[in-house]
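Enquirer: Protein chains in written order, with our numbering: chain A, 73 to 235; chain B, 73 to 235.
Each residue gets a CB set at the ideal place from its N, CA and C atoms; glycine is no exception.
Structure provided below as structure tokens; questions to follow.
Protein chains: 2
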Amino acid sequence: MSRLDSFIRRLEAQRACINRAVSLVAALPGPVIEVGLGNGRTFDHLRDRTGNREIFAFDRQVAAHPACVPDEAHLLLGDFRAMLAKAAASLGGKVALCHADIGSGDEAASQALGAEIAPLIDALMAPGGIVVGDQPMRAARWEELPLPAGIEPGRYFIWRVRI
Amino acid sequence: MSRLDSFIRRLEAQRACINRAVSLVAALPGPVIEVGLGNGRTFDHLRDRTGNREIFAFDRQVAAHPACVPDEAHLLLGDFRAMLAKAAASLGGKVALCHADIGSGDEAASQALGAEIAPLIDALMAPGGIVVGDQPMRAARWEELPLPAGIEPGRYFIWRVRI
């Protein structure tokens with residue numbers, strides 16, 4: 073499998089998992105958080121699929137296409153840990169859907185970051201909410217859900233926050 | 073359609089067109105040229121699909137994953153126009169397959185670059201060779217071929233060099 077094949081597979085898995093997550097929270101009110109805005113493609117996809125929901129995006133800096141940058145009130149710039157902790161004051165227990173695409177080229181560092189931010193994300197999540205992401209993460213309230221058909225285990229992850 | 077949808081469609085179109093081009097030159101000997109190495113994903117794909125063929129990659133500078141960089145003898149760094157013109161001495165009339173992914177965010181500039189390099193690519197192509205690319209290009213010897221099923225016209229292009 074070439075890097076092109078592998079890249080396409082990853083994007084298809086990402087989209088399928090996000091779409092599944094969006095449908096799983098259809099009946100649950102609450103905002104969406106995008107942890108890792110990056111180039112803004114998944115932010116745009118979430119915006120397209122979730123209609124009128126508020127979406128708050130976290131990143132270290134803005135590297136997204138200008139059309140895919142949220143307004144200032146929905147853009148939380150800085151270290152993920154600091155900004156997620158800070159967001160607890162306004163979003164704690166309210167978030168219906170979290171998408172966390174935080175992987176870099178360094179697998180060990182990406183997993184370590186996932187482990188660090190999982191409890192901070194958990195503090196923002198509403199009971200019954202869905203967390204979808206590219207790194208293995210863990211929280212006492214989270215139950216791992218099966219992936220959409222055709223996606224290799226470990227390529228992406230979906231969790232439901234227990235009620 | 074979100075930017076994620078659109079990006080996935082473009083990559084799928086790119087892969088399908090490259091695969092079609094590779095199969096079209098199966099019986100034609102000659103090297104491959106990759107005009108625009110970029111991140112190296114399509115170079116890796118061409119390498120994976122074309123087996124033992126020589127692949128020469130052109131780009132302004134190396135921005136590819138280290139595993140997707142050709143050796144020095146197959147890497148032609150500099151302005152596309154200058155380097156394609158220079159390559160005519162060794163590759164003129166010999167190339168079986170050219171993949172040219174040269175688009176930037178600026179559509180007008182990308183199309184102008186395509187128009188400029190088309191005759192330079194043409195000079196390298198063997199009769200019966202295939203040119204596949206992301207910009208509309210034109211040369212007297214080139215005949216545009218239909219795209220693989222499901223690809224929107226204008227998203228990618230395939231030409232056969234008349235014999």
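Listed from N- to C-terminal order along the chain, which residues in the stretch 81-93 of chain B have their beta-carbon within a distance smaller than 7 Å of any beta-carbon of chain A?
Expert: Those residues of the stretch 81-93 of chain B that come within reach of chain A (Cβ to Cβ, closer than 7 Å) are L83, E84, R87.
Enquirer: My guess is that F130/B and V94/B are in contact by the Cβ rule of under 8 Å, so how many angstroms apart are they, rounded?
Expert: About 19 Å separates the two Cβ atoms, so there is no contact after all.
Enquirer: Does R75/A come within less than 8 Å of chain B when only Cβ atoms are used?
Expert: Yes, its Cβ sits closer than 8 Å to a Cβ of chain B.
Enquirer: Let me confirm a value: M73/B is counted as buried when at least 16 other C-beta atoms fall within 10 Å, else exposed. Which label applies?
Expert: Label assigned to M73/B: exposed.
Enquirer: Return helix, strand or coil for I127/B, following the three-state DSSP convention.
Expert: Correct three-state label for I127/B: strand.
Enquirer: Can you tell me which of L76/A, L96/A, R227/A, A172/A puts its alpha carbon nearest to the alpha carbon of H137/B?
Expert: Here the closest residue by C-alpha is L76/A.
Enquirer: Under the assumption that T114/A contacts H171/A (Cβ atoms under 8 Å), give the Cβ distance between them as a whole number of angstroms.
Expert: With a Cβ gap of about 6 Å, T114/A and H171/A count as contacting.
Enquirer: Consult DSSP for L149/A and reduce its assignment to one of helix, strand or coil.
Expert: Three-state result, L149/A: strand.
Enquirer: Could you list which residues in chain A have their beta carbon closer than 7 Å to that of R227/B, in chain order?
Expert: The contacting residues do not exist; R227/B stays about 15 Å from chain A at best.
Enquirer: Between G175/B and chain A, is any beta-carbon pair separated by less than 8 Å?
Expert: Not closer than 8 Å to any Cβ of chain A, the Cβ of G175/B fails to qualify, so no.
Enquirer: To the nearest angstrom, how far is the alpha carbon of A161/B from that of L196/B?
Expert: If you take the alpha carbons of A161/B and L196/B, they lie about 9 Å apart.
Enquirer: Take V220/B and list the residues in its own chain whose beta-carbon comes closer than 7 Å to its own, dropping the five residues that flank it on each side.
Expert: Rather than Val, the amino acid found at residue 220/B in this sequence is Pro. Correct list, in chain order: A88, C89, R92.
Enquirer: Whose Cβ in chain A lies nearer than 8 Å to the Cβ of C140/B?
Expert: Result: R75.
Enquirer: Taking contact to mean at least 3 C-beta pairs separated by less than 8 Å, is the stretch 198-207 of chain A in contact with the stretch 169-186 of chain A?
Expert: Because the criterion of three Cβ pairs below 8 Å is met, the stretch 198-207 of chain A and the stretch 169-186 of chain A touch.
Enquirer: Can you tell me whether DSSP reads H137/A as helix, strand or coil?
Expert: Note: H137/A maps to coil in three-state DSSP.
Enquirer: Please confirm whether H117/B has its beta-carbon closer than 8 Å to some beta-carbon of chain A.
Expert: Chain A, which has a Cβ nearer than 8 Å to the Cβ of H117/B, makes this yes.
Enquirer: Determine, using beta carbons only, whether F40/A and E215/A come nearer to each other than 8 Å.
Expert: Because chain A in this structure spans residues 73 to 235, residue 40/A falls outside the shown range and cannot be described.
Enquirer: Thinking C-beta only, is L100/A closer than 8 Å to F79/B?
Expert: The answer is no: Cβ separation not under 8 Å.
Enquirer: Kindly say whether D120/A, judged by its beta-carbon, lies nearer than 8 Å to any beta-carbon of chain B.
Expert: Interface residue, yes.
Enquirer: Check whether the Cβ atoms of P218/A and G186/A sit closer than 8 Å, and answer yes or no.
Expert: The answer is no: Cβ separation not under 8 Å.
Enquirer: Please report the straight-line C-alpha distance between Q86/B and A180/A, rounded to a whole angstrom.
Expert: Their backbone Cα atoms lie some 32 Å apart in a straight line.
Enquirer: Going by the DSSP bridge assignment, what does C170/B pair with across the sheet?
Expert: I105/B, V203/B.
Enquirer: Which one of A154/B, G110/B, M155/B has the shortest CA to CA distance from A139/B?
Expert: For A139/B, the nearest C-alpha among the options comes from G110/B.
Enquirer: Can you tell me the Cα-Cα spacing of E188/A and A211/A, whole angstroms?
Expert: Approximately 11 Å between the Cα atoms of the pair.
Enquirer: Using a Cβ-Cβ cutoff of less than 7 Å, which residues in the same chain neighbour A157/B once the five nearest sequence positions on both sides are dropped?
Expert: Around A157/B: L192.
Enquirer: Kindly indicate the opening and closing residues of the alpha helix (DSSP H) around V94/B.
Expert: Start and end: 75-96.
Enquirer: Taking 7 Å as the limit between beta carbons, can you name the residues of its chain near G112/A, skipping five residues before and five after?
Expert: Once the five neighbours on either side are set aside, the close Cβ partners of G112/A are A136, H137, C140, V141.
Enquirer: For M197/B, list the residues DSSP reports as bridge partners.
Expert: Note: M197/B sits in a beta bridge opposite V167/B.
Enquirer: Where does the unbroken alpha helix (DSSP H) through R121/A begin, and where does it stop?
Expert: Element bounds for R121/A: 113-122.
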